[in-house]
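Please read the structure below before turning to the comments.
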């Protein structure tokens, strides 16, 4: 009932935003000291998107929080007008003021007119640019639970490569680490691109500040999900045990942070240097390498939907739109964010684009020459997309049939059969050649339906079964 109370109040008061061209401009919130320390001055500034790189501003990553009643909404004044925000954001402003953290901020709940669907659609496509160009991204965890205050404060004493000294942590520090790592902020779909795109990010929990590296750890090679069938024949993606053991924070930050060895010495010069035995031995004892961290980004829709598709969002359509900033330009150009259309439209886009990507990366549907050893699969991706958007089997299969029809899957299958038959004529081809089993299973799954004896739908599935039978 009260979920959208803040928006309702802003609509009723008729808050007037500075006008922007939502495809070329964005708003930033100017936070300035007021006459009293408790009441800062809030002003909205319009900035051209092309100028964001040269603008010093901070972007906020946070949870909006639910509104259970009027007590969860606070009033501030922006440009002299009343504006209603939720308690968690109000707490952030209070903390920023106490730290003297003034300046320009990008905060989506304020800087984007949430009542204007067209503006939201345009601005969503610019989130990558906004977060990538921010001088700093602040992950605001809110005020710690009263029972966790001492633990969080104890953890804040950990500095300088915390993972190297975690063996000496106290039980209170470990409890603080657990609290931070499993905080609900890491279950947001939007946090993914905010973390992965940030050039610099810090974590605020009340008055305590933590480096992102505290939560990242070392990310090793990940084992992809397995596709398994239930007794009723329904396919599902099942994550490995190791994946399920990672904390929500590490699942995201570990994807951004990679630890590699960087040489500290020129080994060629080291091998040709001259000097006394004592000098040479002293040189050998010096460290030759150090561990450095670099940023890693997830390249495509297949990976991000598999890994992050089950994270939370208030609008299921953001399972696609909230990941746009991570996609390469060609893939991003195919996505058309539209908050006026149902969730099924976002699912349709994600399924079609993902299957196209997978087909392109495998360069076909036969093995062993194409993309051996991949953890991605046609059937697995269908399961990932279906579960991410919470689609019912009937509707998801209907959309799958539409996508396969639009992608002309029958020609994929015919081409695969022809290539198999052609290649097997060459005697030097002693390796087994076949159609990817997961592709065959996907076609079989799309053919599952209640029997209808007439009409184009029956004809479509009859043709489909014949094609699958030839593979």
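Numbering (our numbering), first residue to last: 67 to 537. Note that beta-carbon positions come from the ideal geometry of N, C-alpha and C, so glycine has one too.
Query raised in the report: Do the CB positions of residue 125 and residue 200 come within less than 7 Å of each other?
Result: yes
Query raised in the report: Given a threshold of 16 other Cβ atoms within 10 Å of its Cβ, counted over all protein chains shown, does residue 345 qualify as buried or as exposed?
Result: exposed
**Report entry** residue 378 beta carbon less than 7 Å from that of residue 254
**Finding:** yes
Query raised in the report: For residue 245, does the count of other Cβ atoms within 10 angstroms reach 16, so buried, or fall short, so exposed?
Result: buried
Requested in this report: Give every residue of the same chain whose Cβ lies closer than 6 Å to the Cβ of residue 270, excluding the five residues on either side of it in the sequence, and list them in chain order.
Outcome: 204, 206
Report task. Could you name the residues that DSSP lists as bridge partners for residue 154? Result -> DSSP, once it has assigned bridges, lists no residue as partnering residue 154.
Query raised in the report: Does the Cβ of residue 408 have 16 or more other Cβ atoms within 10 Å, making it buried, or fewer, making it exposed?
Result: exposed
Report task. Can you tell me which of the three DSSP states residue 79 falls into? Result -> helix
Report task. Under 7 Å Cβ to Cβ from residue 456, same chain only, skipping five residues before and after it: list those, please. Result -> 382
Query raised in the report: Going straight from the alpha carbon of residue 401 to that of residue 469, what length do you get?
Result: 15 Å
Query raised in the report: Under three-state DSSP, which class holds residue 141?
Result: strand
Query raised in the report: So, do the region 129-148 and the region 258-267 have three or more beta carbon pairs nearer to each other than 8 Å?
Result: no
Query raised in the report: Can the beta-carbon of residue 94 be found closer than 7 Å to that of residue 170?
Result: yes
Report task. Have a look at the DSSP bridge pairing and note the partners of residue 268. Result -> 204, 277
Query raised in the report: Once you ignore the five residues that flank residue 241 on each side, which residues in its own chain have a CB closer than 6 Å to its CB?
Result: 217
Query raised in the report: Would DSSP call residue 488 helix, strand or coil?
Result: helix
Query raised in the report: Around the C-beta of residue 284, are 16 or more other C-beta atoms found within 10 angstroms, so that it is buried, or is it exposed?
Result: Here the model assigns residue 284 a pLDDT of 45, short of 50, so the residue's position is not dependable, and the following value carries that caveat. By the 10 Å Cβ count, residue 284 comes out exposed.
**Report entry** Cut-off 8 Å between Cβ atoms - residues of its own chain near residue 78, not counting five sequence neighbours on either side
**Finding:** none
Requested in this report: Could you check what DSSP says for residue 455 in three-state terms: helix, strand or coil?
Outcome: coil
Query - Reduced DSSP category for residue 168 - H, G, I as helix; E, B as strand; rest coil - result: coil
Query raised in the report: Could you give the distance in angstroms between the alpha-carbon of residue 471 and the alpha-carbon of residue 465?
Result: 10 Å
**Report entry** Segment limits, alpha helix (DSSP H) that includes residue 473
**Finding:** Looking at the DSSP string, residue 473 is not in any alpha helix (DSSP H), and its letter there is neither H nor E.
Report task. Would you kindly work out how many angstroms separate the C-alpha atoms of residue 406 and residue 510, rounded to a whole number? Result -> 33 Å
**Report entry** Distance between beta carbons of residue 341 and residue 371, contact taken as under 8 Å
**Finding:** Residue 371 to residue 341, Cβ: 58 Å. No contact.
Query - Residues of its chain near residue 412, where Cβ-Cβ distance is below 6 Å and the 5 sequence neighbours each way are ignored - result: 383, 386
Query raised in the report: What are the start and end residues of the alpha helix (DSSP H) that includes residue 186?
Result: 183-190
Requested in this report: Can you check DSSP and say which residues form a bridge with residue 542?
Outcome: Since the first residue of the chain shown is 67 and the last is 537, residue 542 is not available in this structure.
Query raised in the report: By the 10 Å Cβ neighbour count, where 16 or more other Cβ atoms means buried, how is residue 118 classified, buried or exposed?
Result: buried
Requested in this report: With residue 511 as the anchor, note down where its alpha helix (DSSP H) starts and where it stops.
Outcome: 503-513
Query raised in the report: Which of the three DSSP states, helix, strand or coil, is assigned to residue 447?
Result: helix
**Report entry** Cβ shell of residue 453 (< 8 Å), same chain only, five flanking positions each side left out
**Finding:** 302, 303, 375, 376
Query - Nonlocal neighbours in the same chain, by C-beta distance under 6 Å from residue 507, ignoring five residues either side - result: 445
Report task. Specify the secondary structure class of residue 324 as computed by DSSP and reduced to three states. Result -> Residue placement at residue 324 cannot be trusted, given a pLDDT of 49 that sits under 50; what the coordinates show is reported in the next sentence. Note: residue 324 maps to strand in three-state DSSP.
Query raised in the report: DSSP three-state call for residue 234: helix, strand or coil?
Result: helix
Report task. Between the Cα of residue 123 and those of 459, 263, 96, 188, spot the shortest distance and give me the residue it belongs to. Result -> 96
Query raised in the report: Per DSSP, residue 378 is paired with what?
Result: 254
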